[in-house]
Every structure is written in C-alpha cells, then in structure tokens.
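Per the numbering used here, numbering of the sequence shown is gapless, rising by one per residue and ending at 137. For every residue, glycine included, the Cβ atom is placed at its ideal position computed from N, Cα and C. Note sheet for the following structure.
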Amino acid sequence: MKIRIKHIFRQVCFAAYICLSLTACNLKKEEKPVSPPFTFPLSQSYIGYGVINVSYTRLSANTDESGASAGYLRQGSVVRIIERRLVRNEGKTETWVLVESSAVQASVKGWLKESLIDIYSNENQAITAANQITNNR
C-alpha cells in the first residue's frame, strides 16, 4: 500500500510540474520598445579629439611612415580624430588615426600613429589640455 501511495504521489508531483512549466512558458513578458539615443555614436563624423604630444610630427597621406607627407603639426595642436585603424607592420600591430586639424591658414588632414596624440572625448577637454601644454613650454 505504501508503495502505491508513493507512486501516485510522484505522478501527481510530475503532473503539477508539467502544468506549471507549460503555464510559465505561455506567460508573455512585457516588451519595452527600443529607441536609440538622440546622438547615435555611429552617426558622428568623428571619434574624438586629440592633442599632439610630441614636439613636431609629420602627417602621412596613408598609414605608412614612408608615405607621402600630408602636412606637419606641432606639440599642442588640437585635431579631430575621424578614423582609427589597426595596421600590421613587420610583425607588429600599430594603431593609426586619421586626423583633421583646422589651423588658422588651412585645414590639414592625414594619418599618424595613435601614440603621438593624447585622446579626449570632446573638444573642450582637448583645448584645455593643449593650453596646459603650451603654457608649460
């Protein structure tokens, strides 16, 4: 008799488990609509801003040190970073950035190694850092 009661109890528990599992699967969760932020990061025309951290550097027309010169920048120059690219050169991977500097006379655009600039998220931070560099010379 005891064995039969245990058997019936197991069957009832199993049936209850199946019923609860099926009803839990049928419950719909409240869906929240997904809306992108107003300034979607991929829609920006730049990555950030940078300040040249070496006394003088040459911008290249491409991601190669021996490439044609696109211009020169001095320490403390503020640039807009447009693109970042990983370049494999002689077994080493280097990060190059495409920058644009709007100097007083002309706009200069070219590639340089990322290690030659300090990167900031906005232009005000970059300008503040550039002022500190130029005041410490």
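V54 and L116 - do their beta-carbons sit closer together than 7 Å? yes
Tell me the DSSP secondary structure of V12 in three-state form. helix
I need the boundaries of the beta strand (DSSP E) containing T57, first residue and last residue. Y56 to S60
Tell me the rounded alpha-carbon separation between R80 and A126. 10 Å
Would you say S115 reaches chain D, if we count a Cβ-Cβ gap shorter than 7 Å as a contact? Of the protein chains in the structure, only one exists, and it is not chain D.
Using three-state DSSP, classify F40 as helix, strand or coil. Confidence in F40 is poor, its pLDDT being 49 and thus under 50, which makes the residue's placement unreliable; the coordinate value appears in the next sentence. It is coil, neither helix nor strand.
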